[in-house]
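One structure is given below, encoded as structure tokens.
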Amino acid sequence: MKEFLAKSKTKETIQSHTDQLLKNYAILISVYRKMEDGLLYWSCIYHDLGKINKKFQDKSKGVKVHLDEIPHGILSLAFIDPKFLRKLGFSKDEIRVLAHAVAYHHDRLLNYTEEELDKEIELLKEEVKHFKYDKLENIRVKKLGIKYFAKDRLTEEKDGDLFFRYVIVKGLLNRLDYAASAGVVVEIENNFLEEGLESLLKSWQEKNKEANWNDLQIYMM
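The sequence shown begins at 278 in my numbering and counts up by one.
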């Protein structure tokens, strides 16, 4: 199997980087247990698969910079399998949210033509033969249908609640991505906060028995 890099500076592979996202994902949903997590999980899985393309790998390995490189978020869409996701229970609109979160997890200028995209996807089909990832058993590469993504953007005016779901998934994906890249824990549960505040108040009351939280502080608690 070939080695496919996700990061040029650290030489971290796509698989390793994605695993770091998933570790932080597990931490995040353990802290925020009511968080919608299905789309976020799959956005982590798919978000960097477009980096398998040869032009990105050439750049990451210091071989050559291709000025006509298509953003990897767009190429990652070719790995999204709507039939598989529908079997998992995701709706068409949810797959649209997933596709847009993956495509735009980095803002890039989308100045490619459909012909150029088709060509890159065909090349990806060859490269992916040398790629394995234990979190994704059946990897297929196919241009994602326009009913899921058509170089447009979800907007509040046009898409209503769907837009807000996209904002949440994309925002959390970015947070997980940045934390994984920096090698930091994405979230620390604040189970120490109440005890710490109680201890702080007691220390104040040792000096002033009348010390207490003000109305705003009480409201925020």
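Don't be surprised by glycine CBs; every beta carbon is placed ideally from N, CA and C.
Proximal residues to residue i (C-beta, below 7 Å), its chain only, five neighbours per side dropped
i	result
Asp-314	Ile-306
Val-374	Leu-316, Leu-439, Arg-442, Tyr-443, Val-446
Gln-482	Ala-488
Leu-298	Cys-321, Leu-453, Asp-454, Ala-457
His-382	His-324, Gly-350, Lys-447, Leu-450, Asn-451, Asp-454
Phe-469	none
Best match in the options for proximity to residue i [C-alpha to C-alpha]
i	options	result
Leu-386	Ala-488, Lys-311, Leu-344, Asp-436	Leu-344
Tyr-323	Glu-393, Ser-285, Ala-380	Ala-380
Ser-353	Asn-330, Leu-326, Asn-388	Leu-326
Gly-350	Met-278, Asn-485, Cys-321	Cys-321
Lys-506	Lys-479, Asp-384, Lys-360, Phe-361	Here the chain covers residues 278 to 498 and nothing more, so residue 506 does not appear.
Trp-319	Ser-337, Gly-366, Asp-335	Gly-366
Glu-289	Ser-337, Arg-310, Leu-394	Ser-337
Glu-404	Asp-335, Tyr-496, Leu-474	Asp-335
Distance CB(residue i)-CB(residue j) smaller than 8 Å
i	j	result
Val-418	Phe-333	no
Leu-400	Asn-330	yes
Lys-284	Phe-408	no
Lys-328	Ile-291	yes
Val-308	Glu-466	yes
Lys-412	Thr-295	yes
Tyr-410	Ile-347	no
Continuous alpha helix (DSSP H) stretch holding residue i: start and end
i	result
Glu-434	433–436
Pro-359	359–364
Val-374	369–380
Asp-296	291–308
Buried versus exposed, by CB contacts within 10 Å (16 or more), residue i
i	result
Asn-491	exposed
Ala-378	buried
Leu-431	buried
Tyr-302	buried
Beta-carbon proximity list for residue i, same chain, < 8 Å, skipping 5 on both sides
i	result
Ala-376	Leu-354, Ile-357, Leu-421, Tyr-425, Phe-426
8 Å Cβ cutoff, residue i in contact with chain D
i	result
Phe-426	The displayed structure is made up of one protein chain only, and chain D is not part of it.
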